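**Q**
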Amino acid sequence: MRPSHFIVLDALPLLPNGKVDRRRLPEADVVRPELETAFVPPRNLTEELLVGIWSTVLGLNQIGVYDNFFDLGGHSLLAMRLISQVRNTFQVELSLRSLFELPTVAGLSDRIEEARQNKQGLPIVPLVPVSREQALQLSFAQEHIWFLEEQLAPEHYFYNTASVGRFKAHLNLGALEQSLNAILQRHETLRTIFTLVEGKPVPVMAQALTLKVTVFDLQNVPKNEREAKAVQMTREEVRRPFNLASGLLLRGALLLLDEAEYILVITIHQSAFDAWSRNVLWRELGILYQAFSAGKPSPLTPLPIQYADFVHWQQRSLSEERLETHLSYWKQKLAGSLPVLNLPTDYPRPPVKTFRGASQPVSFPQHLTEALRQLSQQEEVSMFMMYLAAYQTLLHSYTGQEDLLVGTSADNRTRRELDGLIGCFNNYLVLRTDLSGNPSFRELLSRVRQNTMEAYDYLDMPFSRLVPALQLESDLSRTPLVQGMLIYKQFLDTPTVESLDLDFTLLPFTCDWETARCDITLTLLDVGEQVTGFWEYSTDLFKSETISRLSEHFHNLLEKIVSDPDQHLSELGFVINRNMPESTSLSEVF
0 MRPSHFIVLD ALPLLPNGKV DRRRLPEADV VRPELETAFV PPRNLTEELL VGIWSTVLGL
60 NQIGVYDNFF DLGGHSLLAM RLISQVRNTF QVELSLRSLF ELPTVAGLSD RIEEARQNKQ
120 GLPIVPLVPV SREQALQLSF AQEHIWFLEE QLAPEHYFYN TASVGRFKAH LNLGALEQSL
180 NAILQRHETL RTIFTLVEGK PVPVMAQALT LKVTVFDLQN VPKNEREAKA VQMTREEVRR
240 PFNLASGLLL RGALLLLDEA EYILVITIHQ SAFDAWSRNV LWRELGILYQ AFSAGKPSPL
300 TPLPIQYADF VHWQQRSLSE ERLETHLSYW KQKLAGSLPV LNLPTDYPRP PVKTFRGASQ
360 PVSFPQHLTE ALRQLSQQEE VSMFMMYLAA YQTLLHSYTG QEDLLVGTSA DNRTRRELDG
420 LIGCFNNYLV LRTDLSGNPS FRELLSRVRQ NTMEAYDYLD MPFSRLVPAL QLESDLSRTP
480 LVQGMLIYKQ FLDTPTVESL DLDFTLLPFT CDWETARCDI TLTLLDVGEQ VTGFWEYSTD
540 LFKSETISRL SEHFHNLLEK IVSDPDQHLS ELGFVINRNM PESTSLSEVF
């Protein structure tokens, strides 16, 4: 990540083990970066309150009323959080589009006053702990997972996910198990079981479940075969299904490679986990392991709310009237004949989707990432919108389709109280874009910006309720609504285990889980200067070398976009013989 400021010290404070003692480092006075806009302080109470909200969300101490939110480091997730806090503070209905159209304190202040005059009041539902005596409900994200789970075989592992770390240290197994069990007790969602009541799933909090880490000793395996064996065993561990009716939603396995080298495999069911949760998990694991190894109690303060409290708040916030408004929007947006992504395939599509898949890594050089950021700032779009427009251009180039549906996963952690929770806060969105008329990429960006801002205003519509409401024809060979997805996650301000002073080193460990939720998915992980990720694809449809070429084409497409965003889609695309038969594979096209 790129440093935002520097502090000069005579010497770094050190721990006895030689590492930097971060607790003794001086606090940085984080102020606004240098902007072309002159600093103007708040001039009334509304602007003062807004400056306070912006400071909290952006982590800055000095913000002028004409400073652009996105120039100050704002991005899509922070924008959603800011709008949520503005709604709670001023009790007015305000859309995400308002921030994109008026990305300054002064502009938002005017919009708030306008909403007040129009009496666009918003009933505020407090996010507070609720009684566990009452029947609990699934979150909308859990409803979505359960909705798709019903279409899968009971022994499937499709909604298993893993967080894997390699440790180079003399590991204290007792402290590790104690740490994982402390996390289980800390986060109710990890010890939630699901029972059926009148055919509907109901979450129940288990109190007495204990996790035991399974240890596999690979030291007897020849050294040159251990890595392959570790990958094999990791896959086997991840593929073990969870029993949602009786067991934990988290388990741990430890692979001993050498006397002081381990691989820890933490497998979690996605009904209790998302991308943000991964960092919460490792950070808390590091803090707890450090304390328990030294014989100290947990230094973590109790969580003010739990996932079940969020679910109660979510259900109350989405009134029947609001739900109907959201559903009406999506029915209008997805009206008519819905397009099916018609990518040429290497193999015939099987009659029933198997979810068999593979993945390939992808990364972009720093100069390209920086150029894309500059272009996004010029066009006043988020980086997600930028990559979405490019991804749709790629799909258009391969298929010739001018009406495209692309799915994405949006993080619904719009409130700061949710930052420290492990849980599933995602909601799935379907973004429909019109690419007709051979627009320039700049024009396509404008269309994508409009569509995305609208979609985020109606983000609360549960996907599990949207699909049945659309009354789609059943097609067991494809995922409902979307066959192509783009997932974009930013971790610019996410706490990680690397920020801690630990006695062990956490190294990356990658493994192909050999599953695919739809035909093709591009997942991008943005950590600042570097954007990495992976392509996930159906091996029933595509060869590995086909995806390699597609990935190369996407990289080249991004380079062409930043060189001249006024190029039209026909100029940016690839030469494809439209007269080829439908059975033509991507391998034959290229």
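So for the sequence shown, numbering that gives the first Met the number 0 puts the first residue at 0; every next one is plus one. Backbone N, C-alpha and C define an ideal beta-carbon position, used for all residues, glycine too. Computed from a predicted model, the values in this text were never measured in an experiment.
(1) Kindly list the residues whose CB is nearer than 8 Å to the CB of S550, restricted to its own chain and excluding five residues on each side of it in sequence; keep chain order.
(2) Let me know the secondary structure DSSP gives P494 once reduced to three states.
(3) Please list the segments of the beta strand (DSSP E) lying wholly inside the segment 243-297, counting only runs of 3 or more residues, in order along the chain.
(4) Can you find the residues in the same chain that come closer than 8 Å, C-beta to C-beta, to Y427, ignoring five residues on each side of it along the sequence?
(5) Would the beta-carbon of R441 fall within 8 Å of that of T432?
(6) Assuming Y346 and L540 form a contact by the criterion Cβ under 8 Å, report the distance between their Cβ atoms to the nearest whole angstrom.
(7) Can you name the start and end residues of the beta strand (DSSP E) that K488 belongs to?
(8) At which residues does the alpha helix (DSSP H) containing A227 begin and terminate?
(9) What residues are listed by DSSP as bridge partners for S408?
(10) Opposite I62 in the DSSP bridges: which residues?
(11) Could you say which of N159, A134, Y156, T520 lies nearest to Q314 if we only look at CA atoms?
(12) Where do the N-terminal and C-terminal ends of the alpha helix (DSSP H) with S569 fall, by residue?
(13) I'd like the list of long-range same chain contacts for T493, defined as Cβ closer than 8 Å, with 5 residues on each side in sequence excluded.
(14) Going by C-alpha distance, which of V526, Y536, Q529 is nearest R516?
(15) For I192, which beta-bridge partners are listed by DSSP?
(16) Let me know if H366 comes out buried or exposed under the rule of 16 or more other beta-carbons within 10 Å of its beta-carbon.
(17) For I519, write down the residues that DSSP places opposite it in a beta bridge.
(18) Tell me whether the beta-carbon of T160 lies closer than 8 Å to the beta-carbon of F272.
(19) Which one or two residues does DSSP pair with A357 in a beta bridge?
(20) When the Cα of Q61 is compared with those of G51, N450, F69, which residue comes out closest?
(21) To the nearest angstrom, how far is it from the Cα of M79 to the Cα of R372?
(22) Considering F166, what are the terminal residues of the beta strand (DSSP E) in which it resides?
(23) List, from N- to C-terminal side, the alpha helix (DSSP H) runs of 4 residues or more that fit wholly inside the segment 302-332.
(24) If we call anything under 8 Å between Cβ atoms a contact, is A168 one with A259?
(25) Would T514 pass as a contact of F157 if the rule is Cβ separation under 8 Å?
(26) Relative to the C-alpha of V380, which candidate in D402, Q449, H325 has its C-alpha closest?
(27) Rounded to a whole number of angstroms, what is the C-alpha to C-alpha distance between Q482 and L95?
(28) Given a cut-off of 8 Å on the beta-carbon distance, is the pair S97 and R110 in contact?
(29) Can you name the residues that DSSP bridges to T531?
(30) Sorted by chain position, which residues of the same chain lie with C-beta nearer than 6 Å to L253's C-beta, five sequence neighbours on each side aside?
(31) Look at R234 and W512 and say whether their C-beta atoms are less than 8 Å apart.
(32) Taking DSSP as the reference, what is the three-state secondary structure of V129?
(33) Mind checking H544: buried by the 16 CB within 10 Å criterion, or exposed?
(34) T194 to R464, Cα distance in whole Å?
(35) Closer than 8 Å is the cut-off here; do at least three beta carbon pairs connect the segment 68-75 with the segment 381-396?
(36) Might you give, ordered along the chain, the residues of its own chain that have their beta carbon closer than 6 Å to the beta carbon of V530, omitting 5 neighbours on each side?
**A** Per the coordinate set shown:
(1) Q359, V361, W534
(2) Here the model assigns P494 a pLDDT of 45, short of 50, so the residue's position is not dependable and the matter cannot be decided.
(3) 249-257, 260-268
(4) H143, G406, T407, S408, A409, F462
(5) no
(6) 6 Å
(7) Per DSSP, K488 belongs to the beta strand (DSSP E) from 483-489.
(8) 222-237
(9) Looking at the DSSP output, S408 sits in a beta bridge with Y427.
(10) Beta-bridge pairing links I62 to no other residue.
(11) A134
(12) 568-571
(13) At T493, the pLDDT of 45 sits below 50, so the modelled position is not reliable and the matter cannot be decided from this model.
(14) Y536
(15) Residue pairing for I192: DSSP places it in a beta bridge opposite V203.
(16) exposed
(17) G483, Y536, per the DSSP bridge assignment.
(18) yes
(19) Y536
(20) G51
(21) Taking the straight line from one Cα to the other gives about 19 Å.
(22) 159-167
(23) Fully enclosed alpha helix (DSSP H) runs of 4 or longer: 306-316, 319-332.
(24) yes
(25) yes
(26) Q449
(27) 27 Å
(28) yes
(29) DSSP, once it has assigned bridges, lists S362, L524 as partnering T531.
(30) The beta carbon of L253 sits closer than 6 Å to the beta carbons of V212, V214, Y261, L263 from its chain, once the five residues preceding and following it are set aside; these are given in chain order.
(31) yes
(32) coil
(33) Per the sequence shown, the amino acid found at residue 544 is Glu instead of His. Under this definition E544 is an exposed residue.
(34) For T194 and R464, the distance between alpha carbons rounds to 20 Å.
(35) yes
(36) F363, T368, L523
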